[in-house]
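The structure appears right after this line, and notes come after that.
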Amino acid sequence: MDSELDALDQKLAQLVQLTQRLRAENMQLRQEIASALSQQRKSQDKVSEAAQRLEKLLAQLPEDIQ
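Under our numbering, the first residue of the sequence shown carries the number 42, and numbering increases by one thereafter.
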């Protein structure tokens, strides 16, 4: 019976270790996602600003060039 308890204790320890590792990995992935979303928003803002500037420049062109 002691060997069964030892085996169960060992499996439980492995489960706890795996759970901790997965939680840490999950936290890291959440941080990476947050960072990627932030970068995406910044890129979208830059594209939007560039499009607005381009539209202004196009509006300033004489009609016969457009």
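Note that beta-carbon positions come from the ideal geometry of N, C-alpha and C, so glycine has one too.
- In the three-state reduction of the DSSP assignment, residue 104 falls in the coil class, being assigned neither a helical nor a strand state.
- Looking at the backbone, the Cα of residue 103 and that of residue 68 are separated by about 55 Å.
- DSSP, reduced to helix, strand and coil, places residue 42 outside both helices and strands of the structure shown, so it counts as coil.
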